[in-house]
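**Student:**
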Amino acid sequence: MSSRCLRLWPAFAAAALLCLPACEREKRQFDSPSPPPTPASAPMMRATPLQPGNAQLGASSVPTAHMPSTDYRYENNAFAVSQGKRLYRWYNCSSCHAPGGGGDWGPALSDDQWVYGSSPANIFASIAEGRPAGMPSFAAHISEDQTWQLVAYVRSLSGQLPKDVAPGRSDTMSGREPEAGRDRERPKPMEKSDGNKR
Amino acid sequence: MATSASTLRWLAACGSVVLAAAVRAEPLQSVLAPAGPQAAHLKDLWDVMLLVCTGVFVAVLVAVGIALWRAPRADSSQRASLPQELGPQRGARRSVLSAVVASTLLLLFLIVASVFTDRALARLSLHDALHIEVTANQWWWEARYDDAQASRMFNTANELHIPTGRPVVLTLRSNDVIHSFWVPALHGKKDLIPGRTSTLRLQADQAGTYRGQCAEFCGYQHTTMALLVMAEPPAQYEAWADHQRATAALSQEPQAARGRHIFMTTTCVMCHSIQGTDASARRGPDLTHVAQRQTLAAGALPNTPENLERWIRNPQHIKPGANMPPSDLPTDDLKALVAYLGSLQ
Amino acid sequence: MNAGSEAVRRNSVPPTAADAQALEATWRDPPGAMGWLSAVNHKAIGKRFILTAFGFFVAGGFLALLMRLQLARPENKLIGPDLYNQLFTMHGTTMMFLFAVPVMQAVSVYLVPLMIGSRSVAFPRMNAFAYWIYLFGGLMLYVAFVLNIGPDAGWFSYVPLAGPEYSPGKRVDFWAQLVTFTELSGLLEAVILIVTVFKLRAPGMTLNRIPLFVWGMLVTAFMVIFAMPSVMLASTALIMDRLVGTHFYNPGEGGDAVLWQHLFWFFGHPEVYFIFIPGLGFMSSIIPTFSRRPIYGYTAMVLALIATGFLAFGLWVHHMFATNLPEMGKSFFTAASMLIAIPSAVQIFCWIATLWTGKLVFKTPLLFVLAFFVILVLGGLTGVMLASVPLDLQVHDTYFVVAHLHYVLIGGAVFPLFGAIYYWYPKITGRLMSERLGRWNFWLFFIGFNGAFFPMHLLGLQGMPRRVYTYPGDMGWSTMNAIASVGALMIGVSVLIFIVNVVRSRRSGELAGSDPWGGGTLEWSTASPPSACNFEAIPVVHGAYPVWEPRREPTHVAGLAVNSREVLTTTVLDAEPDTRMPFPTPTIWPLVSALATTGLFVGSVFTPWAVVWVALPVAAAMTAWFWPKRQDTNASVALERAP
Amino acid sequence: MSTLSTTGGTQSSAMQRREASTRERVQVRGATLDVAELPSFGFSHRSLMWWGTLGLMAIESTVFALTVASYFFLRSHVAVWPMNSVPPELRWGTLNTVLLLASLWPNHLAKRAGEALDRRKVQLWLTVCLLVSLVFLGIRVLEFQSLNVRWDGDAYGSVVWLLLGLHTVHLITDTWDTGVLCVLMFTGPVEGRRFVDVSENALYWYFVVWSWVPIYAVIYWGGRLL
């Protein structure tokens, strides 16, 4: 009968192949390769975390000069996204953008309005360089790797990530439905003046 | 026969090996080396239990041994005897009944012993007890020493100092998942459950350093979530506490000053706090007097400059999964940072 | 089997060769791959069940060896925390959900009908369905593990660690669904066993003549029915928390993490007894045979089993002594946890009395049973220690508990199980296993086991917590961990020897004949291996050990159809003939339904909508399963006789 | 309740008569016990499926009981209940309860018709039961809407949705069973055992109805009285 059992194996092998993306989703990468300090990162050191970014930087102009190689890896990694969610709380992003990204002092991150662009590169730039009207620059204070984790999480707030990667509800007062339960917003850019709105 | 005899031999051998091992290593967090009244009560109960249970175990093995020894041998072809042929078997009934009665009585005795121990544990007086709020995090311990006047409260992490001979009341909370507070030399476990608050009362009678560690599985670094309890004579404790209340030392040594600047302007400041500076985040351990601690990262490493440097360079090599990111600081910046942290006596 | 067309032929006593042939043709599973997939004969399903369960046993054991390898020396860098957490979670989950409970049900699916003189288990198609569900559940878990989706929150999956915030990804979802699979299978098997024992016993097998193993399985089945729903509910709530954002375990919204612990242990503690009580059943079957006399104190044994079943529900809280509980409650659970030792003690004393007054036959099965007295008694006594609240506060969640639970489960279930395999292997295959290899297997297992687990008691007392992936070198734990690893390796070797023995004896073992051990219960009165219908003529029972009893009339049942499937049902208490029921024929639909159900469970890990959409194929398959085939209907109409 | 007890009574007496007759149907001749004359099916505790159904009912009652226990456990941990919503509207739930209790009658008639092996009557009453249970399912949708809370609102919402959901699953499955059985009774093939199925389907419906009563009390009154 064991020989008969063998007949079932191809089926399971096929199933296994179908599941292969899972490996990426489930990887727990603890120590990111830390690149040698780029000359770019040195001048970006600032005395206080709360210095507004320079206004010249706009939505379109993603500063490719000292922009690290854009890293989409985390868009499919549930662990990294959940780390991003933790950092969003730890680094007080929630104090301006509200837990769940509904927006408060800062613009909402869970809707389809993107003042400075919705691509991971744009969001990375927004966090690293900061933006006018109050968004500080965190380049010196948040490691590149963690910034990418934050980027991935921020995109999950408006349902940009696959549902099996986006985080579930958190163990706190839950403002609104969990990130994994959100429908994908169709991001549309906004003229910069609205940046100061709300 | 063969079975039980060889078993006893095996157990004996095993026991001796184990005892040898036990004697050689000085027990850092042994249940069997109590250093305070609570742990002592538990040790007494253990002794009673061990005695009774060993007695029962031996009795059962002897009974089985005798049964195997005295029963005649047969082979499978031999016809089995039937109840009517075996007769009433009064002897067997009497011995079975008495064995059942005996074990019931022993169990009742153990229940009573256990209840009395429970009472004894509850009896620890709380007269001028020291109150400490312990909050568990993945994967380190945060301690806040309470005081009537807020100015005299202070925070520390992963290492508790307590005065000997004075009761201590620990208020236990968790910031994330369930952990369990356990310092075997002082008391049994108590879980720290998010959304709930529990308390643990203990007391150390002999001065000494007692190790404990998280006893409820709490994720990747459940392994590396140790804490040290230093029991000190009251005077020595008070001196330590006063020093803890003071804000961080401000070293004029240039290397340290540069390190301080680096600390404030890079990733460190996002999670750690140092009293008397701008650093006030509470995500990681309070570093106000970090140089005084014996270990780094909840018992991951002895606290030496080299280890500190290794730790900051890449915590993930030492404590995989810990919530501290690797650092890409240039080496000289890193050395300055270590110098600064080393100055935080 | 189109009995509708030809006339009904009924068996006579003694059965003629023609009867035997017709019965064989009627009850055999159809040939070919298709026939294999649609098999419903309880012996075929039982054998697959047992083999699958042992497959998972070996897999789980292998994971344990990896863990012992990592812990063999301090600060070992071999396995990191991420993999180690998956390893011990998979080990626990495999052994508890995929081996220990299913293997007992598997053995009883094969044996119970033979022991109570029936042609089959009740609901043979349901039985097949339960097996397929179990198989697919287990495969799902291991495919997930290979794909790095292995659950890593412990086999007890405490929230919030297993909740949506601290276990991202799908790992815990797969764990929760595995629970659904195995519990569904387990619950169905429980119902099947209860109905089989209640209604399909041979005439004359009154309640006080039921073999003790069958009594044990009956008690177990009842416990399963009342305990397993608890963990299904808990894991459903967990997966809903993770996938659709409910708040059962979210303290921020009025949920509570301790609710999980109550629900889990309300199942988790009785589960120990699902595993342990069948072990007692094996003991009570093997000891009388090898001491050539009926068990001493049959009634006391039965009452003890039932008492254990009841008490087992009164002590789940002793897994939670370290959480905040009211003092009063703690004392109650201490008492309950200690008193459950008494029924076990009663049985142990009765066995000793049986050995004491018997004539002993030293064969491998008896060796394994005797080891029980050493290992289980030690485990039981440490259990008494753990039952005491204050002492538990010290040793809870340390290696002391690891030692205790392995002494109880391996000593109380696995050793008797190995004995049972040596004992019933000739019945299943017709050949005896090698005594020489058997003794090697036994002594390596016995010594290796004590080497692996005895030191853990002392590790626990020296403060080594469970579920740590490594430990510092200066804790004084190194020596005993090394010893434990060596012991674990010995166990591995002995299991290898066991596998060799099973495989070799299958081909070249000594021929057994119907009753190689001179056993007294009904399974020894039929051929080895038994024919497709188990008994050409159903025996009539006059005592607890029918084979040993002197011949009394009537001896056998006549008048059951031989050319179409028909079983005799009897009354629940006195086992008087009640009806002769037409019985289900082989069909592919249980497999199809199981596949559809698997689709539903796995799909629901990824989207709640799977529950809605995949429910349609499930319903369709099950309807097709229920819908009577015309020829079957004709067959039973031909046999029909209104009450 | 009265319906149940009376049926139970009449049944058991009928059962005793039947068993008396079976004893006569078994003959002992020397070594043989001849069962050729035994009936090929029986109702109530004589049928395997009856015991199987009982087993399922035991399992499901345990699930319901544990869910209700969880409800009270959660309630005992918060100050206000419902936590931040108003209790569900009584209208639809109560209507459904009344209808469910009323449905016991056609259900009982279907059971009796089954035990009398009366195919015509069985067809009639099964159809009635089927239609009635479809009505319940319709109203059940309205019940979900009148709960005044979402499952992901708070723990109260979660457990209330779970309770109502669990019972709805039973409604759906039993409706499906009744439907299949009903169709089968019209199309055939029919044999004696199908009437046993009818009687057990009715038994299961009793369970679905009586298990609803405590669940109704908890869902609709728990939020008001606790």
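Order-wise, the sequence lines are chains A, B, C and D. Numbering of the first sequence is given in the numbering used here, commencing with residue 1 and proceeding in unit increments. Numbering of the second sequence is given in the numbering used here, commencing with residue 1001 and proceeding in unit increments. Numbering of the third sequence is given in the numbering used here, commencing with residue 2001 and proceeding in unit increments. Numbering of the fourth sequence is given in the numbering used here, commencing with residue 3001 and proceeding in unit increments. C-beta atoms are modelled at their ideal positions from N, C-alpha and C, and glycine is treated no differently. Just so we're clear, the structure is a prediction, and the values are computed from it rather than from any experiment.
Cβ closer than 8 Å: which chain A residues qualify as neighbours of Asp3152 of chain D?
**Tutor:** Along the fourth sequence, one-based indexing puts residue 3152 of chain D at 152. Chain A residues near Asp3152 of chain D: Arg169, Ser174, Glu177, Pro178, Gly181.
**Student:** So does the segment 3217-3224 of chain D actually touch the segment 3082-3092 of chain D, counting three or more Cβ pairs closer than 8 Å?
**Tutor:** For the pair of segments examined, the segment 3217-3224 of chain D was found to touch the segment 3082-3092 of chain D: the number of CB pairs separated by less than 8 Å reaches three.
**Student:** In whole angstroms, what separates the C-alpha of Met45 of chain A from that of Leu1160 of chain B?
**Tutor:** One-based indexing of the first sequence puts residue 45 of chain A at position 45. One-based indexing of the second sequence puts residue 1160 of chain B at position 160. Here Met45 of chain A scores only 38 on pLDDT, less than 50, and its place in the model should not be relied on; the value that follows carries that caveat. Straight-line measurement puts the Cα of Leu1160 of chain B at about 36 Å from the Cα of Met45 of chain A.
**Student:** Report the three-state DSSP secondary structure of Lys2363 of chain C (helix, strand or coil).
**Tutor:** Here the question's residue 2363 of chain C lines up with position 363 in the third sequence. In the structure shown, Lys2363 of chain C sits in coil (DSSP, three-state: anything other than H, G, I, E or B).
**Student:** Evaluate contact between the segment 2243-2254 of chain C and the segment 3148-3168 of chain D, counting only Cβ atoms and requiring at least three cross-stretch pairs below 8 Å.
**Tutor:** With the cut-off at 8 Å, the segment 2243-2254 of chain C and the segment 3148-3168 of chain D touch.
**Student:** At a CB-CB cut-off below 7 Å, which residues of chain B make contact with Trp2517 of chain C?
**Tutor:** Within the third sequence, residue 2517 of chain C is the residue found at index 517, counting from 1. Per Cβ cutoff of 7 Å: Ser1076.
**Student:** Please classify Gln2032 of chain C as buried or exposed, where buried requires at least 16 neighbouring CB atoms within 10 angstroms.
**Tutor:** For the purposes of this step, residue 2032 of chain C is taken as the residue at position 32 of the third sequence. According to the sequence as given, residue 2032 of chain C is Gly; it is not Gln. With fewer than 16 other Cβ atoms within 10 Å, it is exposed.
**Student:** Let me know the secondary structure DSSP gives Ile2116 of chain C once reduced to three states.
**Tutor:** Translated into positions along the third sequence, residue 2116 of chain C becomes position 116. Of the three classes helix, strand and coil, the one that applies to Ile2116 of chain C here is coil, per DSSP.
**Student:** Any chance you could list the beta strand (DSSP E) runs of at least 3 consecutive residues sitting entirely within the segment 1198-1225 of chain B, in chain order?
**Tutor:** 1198-1202, 1208-1213
**Student:** Which residues in the same chain have their Cβ closer than 7 Å to the Cβ of Ala1022 of chain B, if we skip the five residues on either side of it in sequence?
**Tutor:** Taking the second sequence and counting its residues from 1, one reaches residue 1022 of chain B at position 22. Here the model assigns Ala1022 of chain B a pLDDT of 47, short of 50, so the residue's position is not dependable, and the following value carries that caveat. Closer than 7 Å at Cβ, skipping near neighbours: no residue.
**Student:** Which residues mark the beginning and the end of the alpha helix (DSSP H) in which Met2228 of chain C is found?
**Tutor:** Here residue 2228 of chain C refers to the residue found at position 228 when the third sequence is read from its first residue. That run of the alpha helix (DSSP H) goes 2212-2243.
**Student:** One question on the structure: do His2457 of chain C and Ala2403 of chain C come within less than 8 Å of each other, judged by their Cβ atoms?
**Tutor:** On the third sequence, position 457 is the one that residue 2457 of chain C refers to. On the third sequence, position 403 is the one that residue 2403 of chain C refers to. Yes, the Cβ-Cβ distance between His2457 of chain C and Ala2403 of chain C is below 8 Å.
**Student:** Mind checking the segment 2489-2515 of chain C against chain A and listing, in chain order, the residues whose C-beta falls within less than 9 Å of any C-beta there?
**Tutor:** none
**Student:** Between C:Ile2295, C:Met2104, C:Met2140, C:Phe2156, which has its C-alpha nearest Leu2409 of chain C's C-alpha?
**Tutor:** Indexing the third sequence from 1 puts residue 2409 of chain C at position 409. The shortest Cα separation from Leu2409 of chain C among C:Ile2295, C:Met2104, C:Met2140, C:Phe2156 belongs to C:Met2104.
**Student:** Suppose only complete runs of 4+ residues qualify. What are the alpha helix (DSSP H) ranges in the segment 84-162 of chain A, listed by chain order?
**Tutor:** 93-97, 120-129, 144-157
**Student:** In its own chain, which residues sit with a C-beta less than 7 Å from the C-beta of Arg2209 of chain C, not counting the 5 before and 5 after it?
**Tutor:** As a position in the third sequence, residue 2209 of chain C is number 209, starting the count at 1. Only Val2541, Gly2543, Ala2544 meet the Cβ criterion.
**Student:** I think Ala1226 of chain B touches Pro1167 of chain B, with their Cβ atoms under 8 Å apart; what is that distance to the nearest whole Å?
**Tutor:** Position 226 of the second sequence, counted from the first residue, corresponds to residue 1226 of chain B. Position 167 of the second sequence, counted from the first residue, corresponds to residue 1167 of chain B. Not a contact, Cβ separation roughly 24 Å.
**Student:** Would you say Ile2149 of chain C lies against chain A (beta-carbon separation less than 8 Å)?
**Tutor:** Along the third sequence, read from residue 1 onward, the residue named residue 2149 of chain C stands at position 149. Yes, because at least one Cβ of chain A sits closer than 8 Å to the Cβ of Ile2149 of chain C.
**Student:** Taking the C-alpha atoms as reference points, what is the distance between Val2493 of chain C and Leu2444 of chain C?
**Tutor:** Along the third sequence, read from residue 1 onward, the residue named residue 2493 of chain C stands at position 493. Along the third sequence, read from residue 1 onward, the residue named residue 2444 of chain C stands at position 444. About 8 Å.
**Student:** So, at 8 Å on beta carbons, what are the nonlocal neighbours of Ile1178 of chain B in its own chain, with the 5 sequence-adjacent residues on each side left out?
**Tutor:** Residue mapping note: residue 1178 of chain B aligns to position 178 of the second sequence, counting from 1. Answer for Ile1178 of chain B: Asp1191, Leu1192, Ile1193, Pro1194, Glu1216, Cys1218, listed in chain order.
**Student:** By alpha-carbon positions, which one of A:Val81, A:Leu157, A:Pro187 ends up nearest to Ser2167 of chain C?
**Tutor:** As a first step, residue 2167 of chain C is located in the third sequence; it is residue number 167 there, counting from the start. With distances taken between Cα atoms, Ser2167 of chain C lies closest to A:Val81.
**Student:** Less than 8 Å separating the beta-carbons of Trp3125 of chain D and Ala3113 of chain D?
**Tutor:** Counted from its first residue, the fourth sequence places residue 3125 of chain D at position 125. Counted from its first residue, the fourth sequence places residue 3113 of chain D at position 113. Yes, these two residues count as a Cβ contact at 8 Å.
**Student:** Please state whether DSSP places Ala2594 of chain C in a helix, a strand or coil.
**Tutor:** Within the third sequence, numbered from 1, the residue matching residue 2594 of chain C stands at position 594. In the structure shown, Ala2594 of chain C sits in a helix (DSSP, three-state: H, G or I).
**Student:** Could you tell me which of A:Glu75, A:Asp112, A:Asp104 sits nearest to Met135 of chain A, measuring between CA atoms?
**Tutor:** As a first step, residue 135 of chain A is located in the first sequence; it is residue number 135 there, counting from the start. Met135 of chain A has its Cα closest to that of A:Asp104, out of A:Glu75, A:Asp112, A:Asp104.
**Student:** Which residues of chain B have a Cβ atom closer than 7 Å to the Cβ of Arg2292 of chain C, listed in chain order?
**Tutor:** Along the third sequence, one-based indexing puts residue 2292 of chain C at 292. Chain B residues near Arg2292 of chain C: Ala1074, Gln1078, Ala1080, Ser1081.
**Student:** Show which residues of chain B have a CB atom less than 8 Å away from the CB atom of Ile142 of chain A.
**Tutor:** The sequence position of residue 142 of chain A within the first sequence is 142, counting from 1. Near Ile142 of chain A (Cβ distances below 8 Å), the residues of chain B are Thr1267, Met1270.
**Student:** I need the DSSP call for Trp2625 of chain C, collapsed to helix, strand or coil.
**Tutor:** Counting from one through the third sequence, the residue named residue 2625 of chain C turns up at place 625. Of the three classes helix, strand and coil, the one that applies to Trp2625 of chain C here is helix, per DSSP.
**Student:** For Thr3032 of chain D, report the span of its beta strand (DSSP E) as first-last.
**Tutor:** On the fourth sequence, residue 3032 of chain D is found 32 positions in, with the first residue counted as 1. Counting along the chain, the beta strand (DSSP E) containing Thr3032 of chain D begins and ends at 3032-3034.
**Student:** Quick one: what does DSSP say Asn3201 of chain D is sitting in, helix, strand or coil?
**Tutor:** As a position in the fourth sequence, residue 3201 of chain D is number 201, starting the count at 1. If DSSP states are grouped into helix, strand and coil, Asn3201 of chain D belongs with the helices.
**Student:** Using 8 Å as the threshold, is the C-beta distance between Phe2418 of chain C and Ile2375 of chain C below it?
**Tutor:** For the purposes of this step, residue 2418 of chain C is taken as the residue at position 418 of the third sequence. For the purposes of this step, residue 2375 of chain C is taken as the residue at position 375 of the third sequence. No, these two residues do not count as a Cβ contact at 8 Å.
**Student:** Note down, in chain order, each residue of its chain lying with its Cβ closer than 7 Å to the Cβ of Gly1284 of chain B, except the 5 sequence neighbours on either side.
**Tutor:** Position 284 of the second sequence holds residue 1284 of chain B. The residues Cys1271, His1272, Met1324, in chain order, have a CB closer than 7 Å to that of Gly1284 of chain B in the same chain once the five nearest residues on each side in sequence are set aside.
**Student:** I'd like to know if Met3083 of chain D contacts chain C, where contact means its C-beta is closer than 8 Å to some C-beta of that chain.
**Tutor:** Start at 1 with the first residue of the fourth sequence, and residue 3083 of chain D comes out as number 83. It does; some Cβ of chain C falls within 8 Å.
**Student:** Report the option in D:Val3209, D:Leu3099, D:Leu3184 whose CA atom is closest to the CA atom of Asp3174 of chain D.
**Tutor:** One-based indexing of the fourth sequence puts residue 3174 of chain D at position 174. Of the candidates D:Val3209, D:Leu3099, D:Leu3184, the one whose C-alpha sits nearest the C-alpha of Asp3174 of chain D is D:Val3209.
**Student:** As a quick exercise: from C:Phe2313, C:Tyr2425, C:Gln2394, pick the residue whose alpha carbon is nearest that of Arg2506 of chain C.
**Tutor:** Position 506 of the third sequence holds residue 2506 of chain C. Among C:Phe2313, C:Tyr2425, C:Gln2394, the Cα nearest to that of Arg2506 of chain C is on C:Tyr2425.
**Student:** Taking the straight line between their C-alpha atoms, what separation do you get for Phe2583 of chain C and Ala2561 of chain C?
**Tutor:** The residue you call residue 2583 of chain C lines up with position 583 of the third sequence. The residue you call residue 2561 of chain C lines up with position 561 of the third sequence. Roughly 11 Å separates the two Cα atoms.
**Student:** Name the DSSP beta bridge partners of Ile1162 of chain B, please?
**Tutor:** On the second sequence, residue 1162 of chain B is found 162 positions in, with the first residue counted as 1. Looking at the DSSP assignment, Ile1162 of chain B forms a beta bridge with B:Ala1231.
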